[in-house]
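For the sequence shown, the working numbering begins at 7 and goes up steadily by one.
Written out below as structure tokens is the structure these notes cover.
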Amino acid sequence: MMKGKSIYIGTLFIIVVVPMLFYFFGKDGTERVYQHEVAPKEKETSLAIDKKNFKSHLPIVTIDTKGQTVPGTPIYDKHGSHIGNETYEGKDEITVNITIIDEEEGENSLKETPKVKSKALISYRGNSSRDFDKKSYNIELVDDAGEKNPQVVMGMSKHHKWVLNGPCLDRTLIRNYLIYNVAGSIMDYAPNVRFCELFKDGVYQGVYLMVEPITDGEGRIELKDPEQGAKQTSWIVRWDRKSKMYTPIYNFTYYTYLSNVSGLDLRYPGEKNLTKERLQFVEDDISKIEKALYSYDLTDPKKGYRQYLDRESFVQYFIINEFFRNVDAGRFSTFYYKPLRGKVKTVVWDFNNAADNYINYTFEEYGFTLTDSPWFAMLIKDKGFVEHIIFEYHKLRKTYLSEEFLFSMIDDTVDYLGSAVDRNYEVYGYLFDQTKADRLNYLVPVSRNYTSYEESVAQLKQFIKKRGEWLDQNITTLYQYCHDSKNKDQLMK
7 MMKGKSIYIG TLFIIVVVPM LFYFFGKDGT ERVYQHEVAP KEKETSLAID KKNFKSHLPI
67 VTIDTKGQTV PGTPIYDKHG SHIGNETYEG KDEITVNITI IDEEEGENSL KETPKVKSKA
127 LISYRGNSSR DFDKKSYNIE LVDDAGEKNP QVVMGMSKHH KWVLNGPCLD RTLIRNYLIY
187 NVAGSIMDYA PNVRFCELFK DGVYQGVYLM VEPITDGEGR IELKDPEQGA KQTSWIVRWD
247 RKSKMYTPIY NFTYYTYLSN VSGLDLRYPG EKNLTKERLQ FVEDDISKIE KALYSYDLTD
307 PKKGYRQYLD RESFVQYFII NEFFRNVDAG RFSTFYYKPL RGKVKTVVWD FNNAADNYIN
367 YTFEEYGFTL TDSPWFAMLI KDKGFVEHII FEYHKLRKTY LSEEFLFSMI DDTVDYLGSA
427 VDRNYEVYGY LFDQTKADRL NYLVPVSRNY TSYEESVAQL KQFIKKRGEW LDQNITTLYQ
487 YCHDSKNKDQ LMK
């Protein structure tokens with residue numbers, strides 16, 4: 007009996023206690039931590055959004071701007087063209103005080119002692135999301151001297167850079183949480199994410215997501231810094247709009263306009279570690295990859311793309327973004343990274359527009375998007391790549407992309423958020439009123455906007471159902487892209 011009891015207690019410890027340790031003290035392993043499964047649940051419903059009476063089972067973030075204006079609001083000319091972003095006293099970011107209250111019992115209020123207390127550099131972030139009433143923030147934790155001040159935040163790995171994402175156009179509040187976690191269960195790495203609630207200058211701002219941005223670091227994309235004097239480096243690049251580039255890569259798809267309005271921007275190594283020689287090294291790396299992709303060498307076992315790209319990673323990226331119909335993927339908000347002596351891998355980012363939630367256009371459950379994006383338009387000309395997609399897709403439909411798994415995760419996440427949803431829409435409830443629609447915070451046409459939180463969640467589930475059914479029937483049509491008749495005379499020497 008004692009042996010059986012010991013086994014029972016040991017099993018209970020593994021199921022209950024270990025996940026809680028992951029949540030509160032961070033994780034060193036590869037197992038994905040789902041906040042809604044391991045974090046403390048709501049014990050007492052509270053709808054109060056004033057500082058004095060506010061209570062939440064979610065972590066609470068406070069930002070004190072000390073009367074400063076947060077930089078980053080878009081500026082438009084008289085024709086409506088974006089010509090820049092507002093600064094504050096000439097600065098692109100301001101120094102603020104930030105706290106994070108995250109009690110282990112999940113009973114958080116502004117009276118509790120913060121788990122994290124720091125200065126931070128902040129600015130508004132995003133592309134079209136900068137126009138939303140509910141803003142998102144770049145956050146860099148710093149000490150009193152302005153140096154990096156890395157912290158463990160809500161159980162995620164210690165770092166100084168964070169993104170505070172405010173889901174606005176996504177009325178469900180859960181798209182990024184859902185898909186980052188699904189991707190993180192499939193891929194080598196996807197950003198970790200935690201729900202929280204935000205007060206800015208004492209005023210309640212709603213439900214937010216604390217997200218790991220795409221950066222290097224322990225528990226993130228783990229890359230070794232270049233050795234002193236070395237001309238070679240690991241790298242992270244981002245496909246995005248040319249106007250958003252900091253360090254443009256002058257590559258084949260850019261100067262031949264095959265990437266259309268997007269281009270590759272070098273994000274790592276950072277400014278301090280970047281030299282002309284290292285920039286040239288990265289451009290040479292990209293040139294080798296694109297020569298292999300955009301030539302008759304494509305499928306060559308020695309000269310082809312597989313010596314440079316991690317095919318499994320690109321297959322996973324393709325499936326996840328196509329399944330959730332993330333139409334920006336492959337050309338905007340798209341990150342690739344390469345360890346110095348490894349192959350290029352992908353990492354997912356930004357699903358606010360996914361599942362037919364793109365502000366200006368309807369993207370229904372049928373069709374493919376990545377088939378027309380840089381690099382992927384060539385990868386699908388390889389039959390082996392297409393076969394890998396089809397095999398992996400059917401495997402994932404039995405696990406992380408099954409309707410049962412996704413619907414259960416959606417329902418459990420909504421239940422976990424509880425009264426936090428009501429508090430959020432105490433502030434932003436007007437977003438369910440179609441008569442108040444504007445061009446910034448609502449889908450176009452107005453009829454696409456749902457009039458309740460429940461309808462918004464139902465739309466997400468219905469899209470997933472229809473999208474899965476369509477892909478089940480049509481995933482093999484990808485073979486057309488690698489058929490000889492489709493590709494005759496299309497590859498360049």
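Every residue, glycine too, gets a C-beta built ideally from N, C-alpha and C.
Between residue 267 and residue 244, the CB-CB gap reaches or exceeds 8 Å. Residue 157: member of the beta strand (DSSP E) spanning 157-159, first to last residue.
Relative to residue 334, the option among 377, 309, 344 whose CA is nearest is 377. Scanning the stretch 325-379 from its first residue to its last, the whole beta strand (DSSP E) runs of 3-plus residues come out as 340-344, 351-353. The C-beta distance from residue 319 to residue 352 rounds to 5 Å, short enough to meet the 8 Å contact threshold. Bounds of the beta strand (DSSP E) holding residue 68 are 66-70. Secondary structure remark: continuous beta strand (DSSP E) runs of at least 3 residues inside the stretch 224-289, in chain order: 241-247, 268-274. Membership of residue 162 in the beta strand (DSSP E) is indicated by the continuous run 162-165. Boundaries cannot be given for residue 453, as no alpha helix (DSSP H) includes it and DSSP labels it neither H nor E. The count of Cβ pairs closer than 8 Å, one atom from the stretch 201-209 and one from the stretch 360-367, stays below three, leaving the stretches out of contact. Contact check for residue 78 against residue 130 passes: the beta carbons are separated by less than 8 Å. Ranking 424, 211, 156, 174 by CA distance to the CA of residue 357 puts 174 first.
Nearest in C-alpha terms to residue 382, of all of 420, 138, 328, is 328. Annotation: the stretch 62-150 contains the following complete segments of the beta strand (DSSP E) (minimum length 3 residues), in chain order: 66-70, 80-82, 88-91, 100-107, 122-130, 143-148. In the three-state reduction of the DSSP assignment, residue 390 falls in the helix class, which pools H, G and I. Ranking 49, 108, 385 by CA distance to the CA of residue 66 puts 108 first. For residue 216, the closest of 196, 236, 209, 171 by C-alpha to C-alpha distance is 171. Distance between residue 300 and residue 236, taken at the CA atoms: about 30 Å. Under the Cβ criterion (8 Å, minimum of three pairs), the stretch 293-310 does not count as touching the stretch 177-190. The beta carbons of residue 126 and residue 104 sit about 4 Å from each other, so the pair counts as a contact at 8 Å.
By the Cβ criterion, the stretch 427-437 is not in contact with the stretch 146-153, since fewer than three pairs of Cβ atoms, one from each stretch, lie closer than 8 Å. In this structure, the straight-line span from the alpha carbon of residue 398 to that of residue 480 is close to 14 Å.
In this structure the stretch 255-269 touches the stretch 281-291; the number of beta carbon pairs closer than 8 Å is three or more. Exposure of residue 234 is indicated by the presence of fewer than 16 other C-beta atoms within 10 angstroms of its C-beta. For residue 212, the enclosing beta strand (DSSP E) starts and ends at 209-217. Per the DSSP secondary-structure output, residue 429 pairs with nothing in a beta bridge. Of the residues 392, 428, 259, the one whose Cα lies closest to the Cα of residue 60 is 428. Straight across, the Cα-Cα distance linking residue 76 with residue 154 is about 20 Å.
Sorting 225, 143, 471, 194 by C-alpha distance to the C-alpha of residue 163 places 225 at the top. For residue 102, the number of other beta carbons within 10 angstroms of its own is at least 16, and it is reported as buried. Going by C-alpha positions, residue 389 is about 5 Å away from residue 488.
A straight line joining the alpha-carbon of residue 396 with that of residue 227 spans about 27 Å.
Closest in C-alpha terms to residue 373, from the list 250, 209, 474, 453, comes 474. By the criterion of a C-beta distance shorter than 6 Å, residue 418 is surrounded in its chain by 42, once the five residues flanking it on both sides are discounted.
Every unbroken stretch of the alpha helix (DSSP H) spanning 4 or more residues and falling wholly within the stretch 170-205 is given here in chain order: 181-192. Using a Cβ-Cβ distance cut-off of 8 Å, the stretch 402-413 and the stretch 92-101 are not in contact, since fewer than three pairs of beta carbons, one from each stretch, lie closer than that value.
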